[in-house]
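Down below is the structure, laid out as structure tokens.
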Amino acid sequence: MPISFKEVSYTYSPKTPFAYEALKGVNVNFTEGKITAIIGSTGSGKTTLVQHLNALLLPSAGEIEVLDRKIKANIPVKDLKSLRKMVGLVFQFPEYQLFEETILKDVCFGPLNFGIEPQEAIKISKEMLRLVGLDESYDERSPLELSGGQKRKVAIAGILAINPQILVLDEPVAGLDPQSSKAMMKLFVELNRRYNKTILIVTHNMEHVLAYSDDVVVVDQGSVIRHVTKDEFFMDDDILNELKIAPPAIINVKAMLKAKGIELKGHHLDLESLTDAIVKEIW
Amino acid sequence: MDSIALGRYIPGTTLIHRLDPRIKILSMLFLLIAIFIPAGFYGYLVITIVSLLALSLAKLRIGFVFKALRPIMIMMIMLMVINVLVVKTGYVIITFLGFEIYSGAIYQTLYIFIRLVLMIVITTILTATTKPLELTLGIEDLLAPFVRFKVPAHEIAMMISIAIRFIPTLIEETQRIMKAQASRGVDLKEGKFKEKIAAILSLIVPLFVSSFQRAEDLANAMEARGYVPDAKRTRYKQLHVDTKDRIILLFVILILVGLIKIAIFI
Ligand SMILES: Nc1ncnc2c1ncn2[C@@H]1O[C@H](COP(=O)(O)OP(=O)(O)OP(=O)(O)O)[C@@H](O)[C@H]1O
Ligand SMILES: [Mg+2]
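In structure tokens, the structure reads:
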């Protein structure tokens with residue numbers, strides 16, 4: 023089933039002097055069951071794009087298909103709740119959404135809203151809190167007295183507990199320490215591989231794109247200008263140059279080797295295969 | 477939320493936009509006083525013409541003004557209903573569902589309606605053509621003479637300008653939290669009473685938390701930069717009154733005086 027945008031445009035504050043067209047005729051078809059990284063410079067429209075997926079924003083023009091649902095311009099969406107159960111969206115700064123007295127209650131909030139039995143909700147919520155790396159001692163603490171990064175983990179657990187089929191993450195690890203962000207990214211990969219969840223991640227971190235994604239979608243000035251696989255993306259120097267993206271370290275190493283006259287054959291996007299190739303080339 | 481027109485600044489470079497904010501505030505005050513002078517039908521006609529003139533000079537669309545009026549329509553309708561039911565002067569015009577509606581009630585209601593509309597139109601012209609910051613500078617200056625009576629003019633102005641500054645931020649914040657909670661299955665429109673309460677709480681609590689956080693951050697930032705409320709401060713933006721300001725003020729004062737004259741004669 024498709025997750026696709028057809029000629030989707032979105033204008034903020036339409037018909038006022040402050041009108042701003044943040045999306046301009048976007049066409050894109052996200053592959054189900056994959057991890058897609060959405061990249062693009064600040065203000066290019068990534069957040070606007072992903073907020074269409076669970077109908078937080080409705081297109082000003084065009085059409086969106088999410089699984090078996092269609093969202094069209096100027097037509098109210100029926101049964102929003104079931105759509106939002108299918109598409110879980112973690113916000114760019116999710117730490118602002120916490121409000122319950124205890125962390126456990128806050129994580130349960132989503133599942134309970136979607137009609138899951140209290141006992142079951144508590145069970146899932148505890149499970150998700152452990153998954154994001156918060157142990158039992160946190161369950162009964164107030165979410166308001168956590169650090170920014172811990173709040174973010176709670177917020178992510180709150181969406182995971184809804185158990186959506188499509189998981190949309192808007193810069194989920196920005197501001198987390200390297201260990202936590204690595205663990206978090208690995209968790210997303212695990213959810214994808216084990217439970218076959220479709221995952222869309224907005225990120226500025228090229229190392230993450232390289233290490234964890236399958237596909238790459240590039241947003242620029244309100245349009246999707248590229249949708250390629252990760253390998254194509256990083257093998258193509260032109261794209262990297264054109265987008266002024268500082269490539270990940272491995273790509274840099276390859277470029278340096280090339281400059282020194284050592285040309286490697288084939289694709290090497292992880293450390294192991296790169297070292298193997300270098301060993302082969304030099305010996 | 478995007479459609480809020482009441483109190484919104486519309487950028488422009490028209491004559492009205494360029495007037496000194498103090499002059500604009502004074503003119504508005506005089507016109508508001510003029511509305512309450514019982515100068516009868518002609519009085520309101522004069523003020524209406526002046527307002528329309530100012531609107532067209534400021535290049536504001538009538539539609540914008542109607543939008544500004546919309547939020548208070550309900551209040552007006554309530555006022556009118558109460559008036560029609562309570563006032564019993566003049567003669568009975570019609571009997572409606574057993575209620576006798578008097579001519580006095582109709583007049584009274586019309587007067588209230590016209591006054592309210594004019595008041596809103598005039599204040600809208602002020603707020604739509606004056607940057608909030610200029611507005612507070614103007615208020616501060618106009619309050620300056622009262623400082624010797626212990627009116628904290630500067631503090632009031634600072635409080636107003638901070639409040640104004642954070643209105644858009646608060647709206648944005650509210651929208652963001654609404655979206656975040658909607659993603660977690662909150663539905664503000666449907667659901668049982670208990671669910672609605674929970675939905676509103678899920679909005680209010682984060683809003684309060686972040687507002688307090690923001691207030692604290694702002695206070696710290698201000699202190700870190702050496703802000704002392706009652707210290708004497710210089711200003712980057714200097715206001716000055718020139719010929720066009722004087723003419724406008726004179727014009728408004730003439731209207732006020734004229735209306736008082738009319739009121740005395742009738
Ligand atoms: N509520 C809003 N009202 C008006 N304009 C907006 C609003 N939100 C975003 N925009 C504008 O739309 C454009 C796209 O914003 P968006 O938040 O989608 O960018 P982004 O790609 O997510 O950027 P970032 O990497 O900084 O998160 C920006 O230029 C922004 O100024
Ligand atoms: Mg964003």
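Protein chains in written order, with our numbering: chain A, 23 to 305; chain B, 477 to 742. The C-beta atom is built at its ideal place from N, Cα and C for all residues, glycine as well. Owing to the predicted nature of the structure, the values given are computational and were not obtained by experimental measurement.
Inset, instruction - Quick one: list the residues of chain A neighbouring Val681 of chain B, beta-carbon separation under 7 Å, in chain order. - result: Phe121
Legend entry - Residues from the region 662-694 of chain B in contact with chain A, defined by Cβ distance under 7 Å: Val662, Asp663, Leu677, Ser678, Val681, Pro682, Val685 and Ser686
Inset, instruction - Please determine, among A:Ala44, A:Lys94, A:Ser35 and A:Ser66, the residue with the shortest C-alpha to C-alpha distance to Phe27 of chain A. - result: A:Lys94
Inset, instruction - Kindly list the residues whose CB is nearer than 7 Å to the CB of Ala530 of chain B, restricted to its own chain and excluding five residues on each side of it in sequence; keep chain order. - result: Ile492 and Ile601
Legend entry - Among A:Ser295, A:Leu293, A:Ala299 and A:Leu291, nearest to Glu285 of chain A - alpha-carbon criterion: A:Ala299
Inset, instruction - Confirm, please, whether the CB-CB distance from Pro98 of chain A to Asp128 of chain A is below 8 Å. - result: Going by C-beta atoms, Asp128 of chain A is not nearer than 8 Å to Pro98 of chain A.
Inset, instruction - Could you name the residues of the region 48-70 of chain A whose beta carbon sits closer than 8 Å to any beta carbon of chain B, in the order they occur along the chain? - result: none
Legend entry - Sequence-distant residues of its chain with Cβ nearer than 7 Å to Ile511 of chain B (five each side left out): Ile523, Arg591, Leu594 and Met595
Legend entry - Cβ pair count under 8 Å reaching 3, the region 45-63 of chain A against the region 211-228 of chain A: yes
Inset, instruction - To the nearest angstrom, report how far apart Gly288 of chain A and Pro194 of chain A are at their CA atoms. - result: 32 Å
Inset, instruction - Kindly say whether Ala658 of chain B, judged by its beta-carbon, lies nearer than 8 Å to any beta-carbon of chain A. - result: yes
Legend entry - Cutoff 8 Å: Leu111 of chain A Cβ touching any chain B Cβ: yes
Inset, instruction - Could you say which of B:Val597, B:Ile588, B:Ala674 and B:Gly539 lies nearest to Leu505 of chain B if we only look at CA atoms? - result: B:Val597
Inset, instruction - Assess, as a yes-or-no matter, whether the region 704-716 of chain B is touched by the region 624-632 of chain B under the definition of 3 or more beta carbon pairs within less than 8 Å. - result: yes
Inset, instruction - Taking only the alpha-carbon atoms, compute the straight-line gap between Thr612 of chain B and Arg546 of chain B and give it to the nearest angstrom. - result: 26 Å
Inset, instruction - Step through the CB atoms of chain B and report whether any lies within less than 8 Å of the CB of Tyr118 of chain A. - result: For Tyr118 of chain A, the nearest beta carbon of chain B is closer than 8 Å to its own beta carbon.
Inset, instruction - Please confirm whether Val563 of chain B and Gly574 of chain B have their CB atoms less than 8 Å apart. - result: By the CB criterion at 8 Å, Val563 of chain B and Gly574 of chain B fall outside the cutoff.
Inset, instruction - Would you tell me roughly how many angstroms separate the C-alpha atoms of His249 of chain A and Asp199 of chain A, rounded to the nearest one? - result: 29 Å
Inset, instruction - Report, in whole angstroms, the separation of the C-beta atoms of Val307 of chain A and Ser31 of chain A, which I expect to be a contact under 8 Å. - result: In this structure chain A extends from 23 to 305, so residue 307 of chain A is not present and cannot be described.
Legend entry - Beta-carbon spacing of Ile57 of chain A, Tyr217 of chain A below 8 Å: no
Legend entry - Segments assigned alpha helix (DSSP H), at least 4 residues, entirely inside the region 552-631 of chain B: 579-605 and 608-619
Inset, instruction - Would you check if the region 269-281 of chain A and the region 66-84 of chain A touch, i.e. whether three or more CB-CB distances between them fall below 8 Å? - result: Counting Cβ pairs under 8 Å, fewer than three are found: no touch.
Legend entry - Check: Ser203 of chain A C-beta below 7 Å from any heavy atom of ligand 1: no
Legend entry - Cutoff 8 Å; reference Trp305 of chain A; Cβ partners in own chain excluding five residues on either side: none
Legend entry - CB contact below 8 Å: Ile653 of chain B versus chain A: yes
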